[in-house]
Amino acid sequence: MKIKFLFAFALGISSFYSNAQINNDEVLFTVNNEKVLASEFIRVYNKNLDLVKDESQKDIDNYLDLFVDYKLKLQEAKRLELDKNPEYLREFSNYRRQLAKNFLTDTQVTEALIEEAYDRVSYEVNAGHVLVRLPEDAPAKDTLAAYNEIVKLRESVLNEGFETVKKEVHNGQTIFAENLGWFGGFRMVYPFESAAFNTPKGELSQPFRTRFGYHVVKIFDKRKSRGEVEVAHILISNKTKDSIQKPEDRINDIYSKLQQGESFESLAKQFSDDKSSSSKGGMLSAFSSGQLNSKDFEETAFGLENKGDYSQPVKSEIGWHIIKLIEKKPVGSFDEMKGQLELKVKRDSRSKLINDAFVKKIKNYYQVKDNQEALTYFNNIVTDSFFTRTWKIPETFDKEKSINKIGNKELTYFDFANYLLKAQRKLRNQKPIQAIVKENYDEFIDSNVLRYYEDNLESENEEFANIVNEYRDGLLLFELMESEIWNAAKKDSLGLRAFYDRNQEDYFINERIDALVASSSSEKVIRKTAKMLSEGLSEEEIKETLNKKGKINVIFTSGIMDKNHQALPEGFLFKTSISKIYEHDDSFIVCKVYNILPKEQLTFEGAQGRIITDFQEQKEKSWMQTLRDTYKVVIYEEVLDKIKSQIKS
5 MKIKFLFAFA LGISSFYSNA QINNDEVLFT VNNEKVLASE FIRVYNKNLD
55 LVKDESQKDI DNYLDLFVDY KLKLQEAKRL ELDKNPEYLR EFSNYRRQLA
105 KNFLTDTQVT EALIEEAYDR VSYEVNAGHV LVRLPEDAPA KDTLAAYNEI
155 VKLRESVLNE GFETVKKEVH NGQTIFAENL GWFGGFRMVY PFESAAFNTP
205 KGELSQPFRT RFGYHVVKIF DKRKSRGEVE VAHILISNKT KDSIQKPEDR
255 INDIYSKLQQ GESFESLAKQ FSDDKSSSSK GGMLSAFSSG QLNSKDFEET
305 AFGLENKGDY SQPVKSEIGW HIIKLIEKKP VGSFDEMKGQ LELKVKRDSR
355 SKLINDAFVK KIKNYYQVKD NQEALTYFNN IVTDSFFTRT WKIPETFDKE
405 KSINKIGNKE LTYFDFANYL LKAQRKLRNQ KPIQAIVKEN YDEFIDSNVL
455 RYYEDNLESE NEEFANIVNE YRDGLLLFEL MESEIWNAAK KDSLGLRAFY
505 DRNQEDYFIN ERIDALVASS SSEKVIRKTA KMLSEGLSEE EIKETLNKKG
555 KINVIFTSGI MDKNHQALPE GFLFKTSISK IYEHDDSFIV CKVYNILPKE
605 QLTFEGAQGR IITDFQEQKE KSWMQTLRDT YKVVIYEEVL DKIKSQIKS
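Here our numbering is used: position 433 in the sequence shown is 437, and no number is missing along the way.
(1) What is the DSSP secondary structure of residue 128, counted as helix, strand or coil?
(2) What are the complete alpha helix (DSSP H) segments, minimum 4 residues, inside the region 237-316?
(3) Give me the Cα-Cα distance between residue 87 and residue 480, rounded to the nearest whole angstrom.
(4) Shortest alpha-carbon distance to residue 344 belongs to which of 64, 185, 414, 190?
(5) Using alpha carbons as the reference points, say which of 430, 407, 412, 429 lies closest to residue 419.
(6) When you compare the region 496-513 with the region 92-109, are there three or more beta-carbon pairs, one atom per stretch, that lie closer than 8 Å?
(7) Could you please give me the residues that DSSP links to residue 1 through a beta bridge?
(8) Taking only the alpha-carbon atoms, compute the straight-line gap between residue 580 and residue 552 and give it to the nearest angstrom.
(9) Which class does residue 640 belong to by DSSP, given the choice of helix, strand or coil?
(10) CB of residue 625 to nearest heavy atom of the ligand PLP: below 7 Å?
(11) For the structure I just gave you, are there three or more beta carbon pairs, one from the region 300-309 and one from the region 251-259, closer than 8 Å?
(12) Hey, residue 129 and residue 226: beta-carbon distance below 8 Å or not?
(13) How long is the line joining the alpha carbons of residue 11 and residue 82, rounded to whole angstroms?
(14) Tell whether a beta-carbon distance below 8 Å holds between residue 230 and residue 338.
(15) Does the structure place the region 594-607 close enough to the region 505-522 that three or more beta carbon pairs sit under 8 Å?
(16) Measuring only the C-alpha atoms, how far is residue 280 from residue 185?
(17) Going by the DSSP bridge assignment, what does residue 599 pair with across the sheet?
(18) Can you check which of these residues, 342, 46, 136, 372, is closest to residue 211 by C-alpha distance?
(19) In or out: residue 598 buried (at least 16 other Cβ within 10 Å) or exposed?
(20) Using DSSP with H/G/I as helix, E/B as strand and the rest coil, what is residue 604?
(21) Tell whether a beta-carbon distance below 8 Å holds between residue 558 and residue 546.
(22) So within the region 104-156, which uninterrupted beta strand (DSSP E) runs reach at least 3 residues, ignoring any that extend past its ends?
(23) State the DSSP-derived secondary structure class of residue 181, mapped to helix, strand or coil.
(24) Pull up the distance between the alpha-carbon of residue 625 and that of residue 642, whole angstroms please.
(25) Using a Cβ-Cβ cut-off of 7 Å (strictly less than) and excluding sequence neighbours within five positions of residue 534, which residues of its own chain qualify?
(26) With 16 as the cutoff for other CB atoms within 10 Å, does residue 117 come out buried or exposed?
(27) Rounding to the nearest angstrom, what Cα-Cα distance links residue 308 and residue 315 in this structure?
(28) Let me know if residue 475 comes out buried or exposed under the rule of 16 or more other beta-carbons within 10 Å of its beta-carbon.
(29) Where does residue 444 land, buried or exposed, given buried means 16+ other C-beta within 10 angstroms?
(30) Go ahead and pull the three-state DSSP assignment for residue 449.
(31) Enumerate in chain order the residues of its own chain whose CB-to-CB distance from residue 320 is below 7 Å, with the five nearest sequence positions on each side excluded.
(32) Could you check whether residue 425 and residue 325 sit closer than 8 Å to each other, using their CB atoms as the reference points?
(33) Are the region 358-375 and the region 388-400 in contact at 8 Å, needing three or more beta carbon pairs?
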């Protein structure tokens with residue numbers, strides 16, 4: 005509620021950002037000597053011009069009045085110290101943190117990765133690989149041994165061929181050599197995907213590392229993506245207990261029933277052993293190449309041509325299937341897929357490339373470079389006790405010495421030493437001291453660079469500053485209006501009653517009718533309906549006569565209606581009779597009015613919702629006048645004239 009509200013109630017302003025940049029920083033007006041710049045007014049005015057529905061608000065003078073009211077309310081909110089309310093500060097902090105994520109990214113790298121991802125989901129590769137397993141945190145000795153092993157295996161593949169090496173070395177534990185079949189983008193971990201798509205058809209990649217170990221990948225073929233296919237299936241499992249028949253005989257019997265015209269959906273519900281899909285008529289989620297474990301099932305599914313076609317029985321590792329084509333979904337255009345690809349890229353391991361590129365950019369911006377002297381110093385003071393998590397900062401330690409500077413923030417040796425103290429608790433494997441120090445130094449600097457940039461985003465990014473300021477002020481005004489007007493008005497029972505007593509004539513129910521309205525696209529049908537109504541036939545009797553063979557020729561609406569009811573045409577005459585035939589919303593209508601209900605005074609209880617709204621509005625007007633009397637507003641007319649000229653031109 006609060007996010008949507010912002011300060012739209014004060015100005016009719018949305019939270020969308022405009023790229024228009026205003027250079028005019030002259031003061032347009034002051035509120036108690038607080039300056040409001042012309043550039044802010046012009047930016048907000050231009051940003052919301054097309055969104056304002058009230059034409060009067062497009063008038064600059066009228067819009068200025070609203071803007072002044074907005075600034076008056078902000079002054080009052082700050083006087084009441086609503087901006088120091090813990091709940092307000094917490095909600096604003098949460099919003100700012102979420103918004104900042106959109107600005108802590110490298111858009112160029114993101115765009116490049118999205119384009120790369122689209123290329124990769126548009127094609128598929130058929131590949132095999134050899135993998136030497138290696139834990140991510142393996143020590144240097146094991147890492148070197150695994151690398152040397154994959155280099156040897158690559159030479160073997162080049163000399164003997166992939167299939168030969170696969171048979172010789174695959175043990176399913178430390179070394180894997182496998183055919184992977186066809187796959188497209190996002191089907192493998194990113195380093196593997198990149199190696200597969202960047203290696204030409206028929207060639208063998210250089211060794212590369214993933215979180216699983218060292219690989220080489222052999223590319224057998226490449227083709228355009230087949231997209232996704234959605235199918236339903238009937239499965240007779242190899243382990244079925246529901247029949248004494250052999251699975252193959254049972255699936256053939258079901259296939260015969262299909263050929264005799266029985267419903268695929270019905271047969272799936274009755275006989276399929278896939279209990280997760282049988283209740284849905286055998287429906288499966290859409291899948292692409294390489295997504296299933298069964299090559300035969302996949303190829304059969306993609307081989308079906310027309311919606312509704314079904315396959316002959318096909319065998320997989322788990323049993324026998326009959327597969328029915330529901331829909332083929334080709335790869336969409338770049339514009340159609342861009343949004344979902346961006347989400348995938350940011351959730352995928354390739355998002356680290358975006359983060360690394362962004363960190364590099366802001367390190368260059370703040371001119372942050374490695375402190376080699378500090379690295380040498382810490383290489384000397386960090387001892388093997390780090391591996392037993394007992395390392396401590398030496399007593400003779402220059403705590404205040406600067407290790408780096410980010411903008412106006414100094415990072416000291418002591419800051420990094422404390423970072424190392426915490427890091428030793430998370431140590432998972434032994435590495436050389438120099439590697440540990442450098443790895444933690446990089447993480448320490450990168451995290452501080454990011455944090456400093458995020459903390460200072462308002463001064464670094466005008467777009468972010470504008471959005472944050474608008475949200476901050478809008479949230480503050482919400483708190484103000486809630487406490488000073490909305491809740492105050494609701495709780496003022498005596499004031500509400502007195503307001504009602506003074507304005508009773510404004511609260512009534514307009515004249516209404518108790519009626520039956522018949523509607524049809526055919527004038528001939530509605531004339532028949534009018535005749536039947538005049539003869540005293542009921543709604544049900546008319547429908548039985550005119551709505552035949554499943555065709556609905558006339559629809560009825562009945563009940564209490566006022567002149568604005570959607571079933572009634574404009575200018576409808578309230579009269580207890582059968583009406584004339586009207587044209588209304590591309591249809592013809594006739595109305596039988598049973599009774600006319602006269603205009604009726606609403607009680608206080610019956611009109612309470614409207615009374616509260618009107619009372620709040622009156623209370624706000626009175627309150628705004630008090631604010632204008634309390635706070636001194638000075639408008640600089642010559643600047644206002646310049647704004648009018650600039651906007652009109």
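Virtual Cβ for every residue (Gly too), placed ideally from N, Cα, C.
It should be emphasised that the depicted structure is a prediction, and the values quoted were computed from it without experimental measurement.
Reading from the atomic positions:
(1) One-based indexing of the sequence shown puts residue 128 at position 124. Reduced to three states, the DSSP call for residue 128 is strand.
(2) 251-263, 268-275, 279-282, 299-307
(3) Here residue 87 refers to the residue found at position 83 when the sequence shown is read from its first residue. Here residue 480 refers to the residue found at position 476 when the sequence shown is read from its first residue. Straight-line Cα distance between these residues: approximately 6 Å.
(4) Mapped onto the sequence shown, residue 344 falls at position 340. When only C-alpha atoms are compared, the closest one is 190.
(5) If you number the sequence shown from 1, residue 419 lands on position 415. It is 407 whose Cα lies nearest to the Cα of residue 419.
(6) no
(7) Since the first residue of the chain shown is 5 and the last is 653, residue 1 is not available in this structure.
(8) The residue given as residue 580 occupies position 576 in the sequence shown. The residue given as residue 552 occupies position 548 in the sequence shown. If I take the Cα positions, the gap works out to 30 Å.
(9) Residue 640 sits at position 636 when you count from the first residue of the sequence shown. Note: residue 640 maps to coil in three-state DSSP.
(10) Summarising the ligand content, the structure contains no ligands, and the ligand PLP is consequently not present.
(11) no
(12) Taking the first residue of the sequence shown as position 1, residue 129 is located at position 125. Taking the first residue of the sequence shown as position 1, residue 226 is located at position 222. Cβ atoms of residue 129 and residue 226: closer than 8 Å.
(13) Within the sequence shown, the letter at position 7 stands for residue 11. Within the sequence shown, the letter at position 78 stands for residue 82. Bear in mind that the predicted position of residue 11 carries a pLDDT of just 37, short of 50, making it unreliable; the figure below should be weighed with that in mind. Going from the Cα of residue 11 to the Cα of residue 82 covers about 15 Å.
(14) Start at 1 with the first residue of the sequence shown, and residue 230 comes out as number 226. Start at 1 with the first residue of the sequence shown, and residue 338 comes out as number 334. Contact: no.
(15) yes
(16) Counting from one through the sequence shown, the residue named residue 280 turns up at place 276. Counting from one through the sequence shown, the residue named residue 185 turns up at place 181. Going by the C-alpha atoms only, they are around 26 Å apart.
(17) Against the sequence shown, residue 599 aligns to sequence position 595. According to DSSP, residue 599 bridges with 518.
(18) Within the sequence shown, the letter at position 207 stands for residue 211. When only C-alpha atoms are compared, the closest one is 136.
(19) Looking up residue 598 in the sequence shown gives position 594. Counting Cβ neighbours within 10 Å, residue 598 comes out exposed, since fewer than 16 surround it.
(20) As a working mapping, residue 604 is identified with position 600 in the sequence shown. Residue 604: strand per DSSP, three-state reduction.
(21) For the purposes of this step, residue 558 is taken as residue 554 along the sequence shown, with counting starting at 1. For the purposes of this step, residue 546 is taken as residue 542 along the sequence shown, with counting starting at 1. Going by C-beta atoms, residue 558 is nearer than 8 Å to residue 546.
(22) 127-137
(23) By 1-based counting over the sequence shown, the position of residue 181 is 177. Three-state result, residue 181: strand.
(24) Working through the sequence shown from its first residue, we reach residue 625 at position 621. Working through the sequence shown from its first residue, we reach residue 642 at position 638. Those two C-alpha atoms are separated by around 29 Å.
(25) On the sequence shown, residue 534 is found 530 positions in, with the first residue counted as 1. The residues are 582, 585, 594.
(26) The residue labelled residue 117 in the question sits at position 113 within the sequence shown. Under this definition residue 117 is a buried residue.
(27) Translated into the one-based positions of the sequence shown, residue 308 becomes position 304. Translated into the one-based positions of the sequence shown, residue 315 becomes position 311. Approximately 7 Å between the Cα atoms of the pair.
(28) The residue you call residue 475 lines up with position 471 of the sequence shown. That one is buried.
(29) Counting from 1 along the sequence shown, the entry for residue 444 is found at position 440. The residue in question, residue 444, is buried, as its Cβ has 16 or more Cβ neighbours within 10 Å.
(30) Here the question's residue 449 lines up with position 445 in the sequence shown. Note: residue 449 maps to helix in three-state DSSP.
(31) Position 316 of the sequence shown, counted from the first residue, corresponds to residue 320. Only 298, 300, 301 meet the Cβ criterion.
(32) Position 321 of the sequence shown holds residue 325. Position 421 of the sequence shown holds residue 425. No.
(33) no
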